[in-house]
Amino acid sequence: MKNFLFILFTTLYATGSLADQPKQWQFGFQDAASQSMRDIVSFHNNLLLPIIIAISVFVLFLMIYTCIRFRASKNPIPSKTTHNVAVEVLWTLIPCLILIVMAVPSFKILYKQDTIPKVDLTIKAVGYQWYWGYEYPDENIIFESYMIKEKELKENQPRLLTVDNEVVVPVNKVVKVLITANDVLHAWALPSFGVKRDAVPGRINETWFKAEKVGTYYGQCSELCGIQHAFMPITVRVVTDEEYAQWLADAKMKFAKEPITENEYKKIASK
Ligand SMILES: [Cu+2]
6 MKNFLFILFT
16 TLYATGSLAD
26 QPKQWQFGFQ
36 DAASQSMRDI
46 VSFHNNLLLP
56 IIIAISVFVL
66 FLMIYTCIRF
76 RASKNPIPSK
86 TTHNVAVEVL
96 WTLIPCLILI
106 VMAVPSFKIL
116 YKQDTIPKVD
126 LTIKAVGYQW
136 YWGYEYPDEN
146 IIFESYMIKE
156 KELKENQPRL
166 LTVDNEVVVP
176 VNKVVKVLIT
186 ANDVLHAWAL
196 PSFGVKRDAV
206 PGRINETWFK
216 AEKVGTYYGQ
226 CSELCGIQHA
236 FMPITVRVVT
246 DEEYAQWLAD
256 AKMKFAKEPI
266 TENEYKKIAS
276 K
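In this note's numbering, the protein residues as written are 6 to 276.
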């Protein structure tokens, strides 16, 4: 039995920990790719989960105990007690203390996420019904990012998550994301980075991430925004500095409002 439980839990956890994108039957979070997400995962696994399990086991025990100990055949004349000051004080105080124990580290994480370190790169994400638009304000790059339909997917491209134009950012750089929307509420969310912010028409929210691993990361709009809410994924490709410089040069040709000259292209690519 012990072995079975061990195998069950390691299998379930292993599936979760290998994923940078949602997996079938996933249990737990996606693999963290930033310090921010690591903080969230450790807060959940090391503090919240033990508390939740302890409370559930305790309540289950109380229920089973009550059912057996006070069943009709063993307890024909039930007690008429309605108040017990000591118990009432305890069941108010103990949950308060548990909440405080949970609140302190959670505020710490929230404040840390809210303080943006020195920014290396700024991108702007604009939610539209139903796709994302991106801008690299310092680079004069603007493009749109649409989901690839199922029929057009290539091998290894995940369904409902792959887009035509990915956001590309360099690894280990602080990226500030300005988030807004053009029509209705959307939300820009990327689980591996521990990032989720509402995109509100008429105002700009900001957040940041520092991706520590090269790779492709997937997120989705996380605010019900209409009929195609499920079809406006977010794909961020984290690349090395050299690859980023190359992408930047190509993107300037592909997306820029004013095309650049051959010489300018070479200059940027060689940076
Ligand atoms: Cu949306």
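Where is the CB? At the ideal position from N, CA and C, for every residue including glycine. Remember, it's a predicted structure, so these values are computed and weren't measured experimentally.
Rounded straight-line distance, which links the Cα of residue j to that of residue i
i: Ala216; j: Asp246; result: 13 Å
i: Asp169; j: Val243; result: 16 Å
i: Ile105; j: Phe112; result: 10 Å
i: Glu149; j: Lys259; result: 12 Å
i: Thr240; j: Ser61; result: 38 Å
i: Tyr141; j: Pro55; result: 43 Å
i: Val109; j: Trp213; result: 22 Å
i: Leu166; j: Ile99; result: 44 Å
i: Val173; j: Gln251; result: 11 Å
i: Ser39; j: Thr97; result: 38 Å
i: Thr20; j: Glu267; result: Legend: pLDDT at Thr20 = 40, less than 50; position of this residue unreliable, value from coordinates given subsequently. Whole-angstrom Cα-Cα distance: 47 Å.
i: Arg164; j: Tyr222; result: 13 Å
i: Asn161; j: Gln26; result: 12 Å
i: Val205; j: Lys218; result: 30 Å
i: Ile232; j: Met68; result: 44 Å
i: His88; j: Leu95; result: 13 Å
i: Asp255; j: Lys159; result: 22 Å
For residue i, three-class secondary structure by DSSP
i: His49; result: helix
i: His234; result: helix
i: Trp30; result: coil
i: Thr71; result: helix
i: Lys181; result: strand
i: Pro110; result: helix
i: Pro206; result: strand
i: Leu23; result: Because Leu23 carries a pLDDT of 38, less than 50, the predicted location of this residue cannot be relied on, and the following value inherits that uncertainty. Coil.
i: Val62; result: helix
i: Leu166; result: coil
i: Lys271; result: helix
i: Gln251; result: helix
i: Ala256; result: helix
i: Ala40; result: Per the sequence presented here, residue 40 reads as Gln, with Ala not at that position. In the structure shown, Gln40 sits in a helix (DSSP, three-state: H, G or I).
Min CB distance residue i to chain C below 8 Å
i: Tyr70; result: Note that chain C does not occur in the displayed structure, where there is just one protein chain.
Per DSSP, cross-strand counterpart(s) of residue i
i: Pro175; result: Val244
i: Phe214; result: Val180
i: Val200; result: Leu195
Assumed close pair residue i, residue j - CB separation to whole angstroms, cut-off 8 Å
i: Pro196; j: Gly220; result: Contact doesn't hold; Cβ gap of about 13 Å is too wide.
i: Val176; j: Trp193; result: Rounded, the Cβ-Cβ distance is 20 Å, inconsistent with contact.
i: Ile2; j: Phe48; result: A question about residue 2 goes unanswered here, because the residues of the chain that appear run from 6 up to 276.
Query - Whole runs of the beta strand (DSSP E) within the region 81-157, excluding any shorter than 3 residues - result: Those beta strand (DSSP E) runs which fall completely within the region 81-157 and span 3+ residues are 126-133, 136-141, 146-150.
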